[in-house]
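Numbering (UniProt numbering), first residue to last: 1 to 364.
Below is one structure; the comments refer to it alone.
In structure tokens form, the structure reads like this:
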């Protein structure tokens, strides 16, 4: 197998300068992502261009008020890629807009993606703490690996071209983050709370797991969380999974090995109903299979990649491939496979299904 590295950018300077570098270097990929999500918003959400622009204006104001530095990065991305700022705004809020539409429609593919895991050092043969995941998404999404140098903080990880910050990665304090989509009947973009991608960016500035959890669950007390989501958080002191809904959050601490896919472990306790219940989801197959493969430990880290390449359960496997019989807009695959060592601040990844390439290791 060969390696297929992603574009790798180092971002320094002011927030605007970071965005400008991002926008210029990834301009073609940003245009591709805009075209991809425009199609999804038209086809899945039934949104016309005027409604997309209206929602973009709402979220542009949210980003501006909530985090001026993040907004400045968006300004730079827009300038560097020669895209309208409102387009970059809805791209950065694509989780809220798209997942709310999926929740409202109860469509199947909103839960056909992402399986994450955490392994405590006591459950690893080399005594090192890790989290990781297969991030399953649209085959034509364009991603990049970023190293972002902030004042007092350096962060290494992944984003989609045009989305500021990082959503899957690790910082120099050893705080690492992986993500999974969740949906519930409480999801509603009109709450216009802190967007998903700003939550992950703030969490990756944290010094501790508890601090990261605080950033990820911001808005629960004043009922401004727009959408459900799942976060696997790792650090030198702990690994925990956070199931977030607009009405409550559930923290699941890792006591050896922990696996999470795209369903709430106990939605009733959070007061939510999952909107896809009438569909046959793959989330349980993937969750159960990775739990079986990792066991309770000790886990040999050299074998984690092979487990993430698993094809048992066919179309519902951990290593996902487009299904030829599906309509093109319904197809997904493992767009990114990543294993993060929180102790060494290294991540190993494949761009695309892990069965098709070797893992590339990058150190912070």
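All residues carry an ideal CB built from backbone N, CA and C; glycine is no exception.
Where the beta strand (DSSP E) containing residue i begins and where it ends
i: residue 116; result: 115–119
i: residue 80; result: Premise fails: residue 80 lies in the alpha helix (DSSP H), 68–81, not in any beta strand (DSSP E).
i: residue 269; result: Here residue 269 belongs to no beta strand (DSSP E); instead the alpha helix (DSSP H) covers 267–270.
i: residue 250; result: 249–253
i: residue 10; result: 8–11
i: residue 145; result: 143–150
Extent of the continuous alpha helix (DSSP H) run through residue i
i: residue 213; result: 209–216
i: residue 17; result: 15–25
i: residue 196; result: 196–203
Beta-carbon proximity check, residue i vs residue j, cutoff 8 Å
i: residue 309; j: residue 322; result: no
i: residue 27; j: residue 76; result: no
i: residue 364; j: residue 172; result: yes
i: residue 60; j: residue 89; result: yes
i: residue 206; j: residue 273; result: no
i: residue 195; j: residue 95; result: yes
i: residue 361; j: residue 348; result: yes
i: residue 367; j: residue 176; result: The shown model of the chain, from 1 to 364, leaves out residue 367, and the question about it has no answer.
i: residue 243; j: residue 181; result: no
i: residue 227; j: residue 187; result: yes
i: residue 257; j: residue 294; result: yes
i: residue 249; j: residue 287; result: no
i: residue 6; j: residue 145; result: yes
i: residue 339; j: residue 290; result: no
i: residue 283; j: residue 311; result: no
i: residue 365; j: residue 140; result: Lying before the first or after the last residue shown, residue 365 is absent from the chain, which here runs from 1 to 364.
i: residue 374; j: residue 192; result: Residue 374 is absent from the structure shown; the chain starts at 1 and stops at 364.
i: residue 73; j: residue 157; result: no
Counted within 10 angstroms of its Cβ, other Cβ atoms place residue i as buried (16 or more) or exposed
i: residue 55; result: buried
i: residue 313; result: exposed
i: residue 215; result: buried
i: residue 320; result: buried
i: residue 116; result: buried
i: residue 23; result: buried
i: residue 328; result: exposed
i: residue 35; result: exposed
Which listed residue (the options) has its alpha carbon closest to that of residue i
i: residue 46; options: 101, 73, 66 and 14; result: 101
i: residue 233; options: 119, 146 and 52; result: 119
i: residue 241; options: 346, 289 and 178; result: 178
i: residue 86; options: 64, 187 and 226; result: 64
i: residue 149; options: 13, 71, 229 and 186; result: 13
i: residue 53; options: 84, 356 and 67; result: 84
i: residue 137; options: 160, 293 and 124; result: 160
i: residue 342; options: 296, 204, 152 and 333; result: 204
i: residue 68; options: 198, 29, 145 and 288; result: 198
i: residue 254; options: 209, 283 and 20; result: 209
i: residue 92; options: 201, 191 and 333; result: 201
i: residue 336; options: 134, 267 and 306; result: 134
i: residue 15; options: 285, 151, 58 and 57; result: 151
i: residue 355; options: 43, 333, 344 and 346; result: 333
i: residue 153; options: 174, 162 and 142; result: 174
i: residue 345; options: 189, 155 and 34; result: 155
Inset, instruction - For the region 221–239 and the region 128–135, state whether three or more C-beta atom pairs, one from each stretch, are separated by less than 8 Å. - result: At 8 Å Cβ cutoff, the stretches touch.
Inset, instruction - Determine, using beta-carbon pairs with one atom in the region 158–171 and one in the region 217–224, whether at least three such pairs fall under 8 Å. - result: At 8 Å Cβ cutoff, the stretches do not touch.
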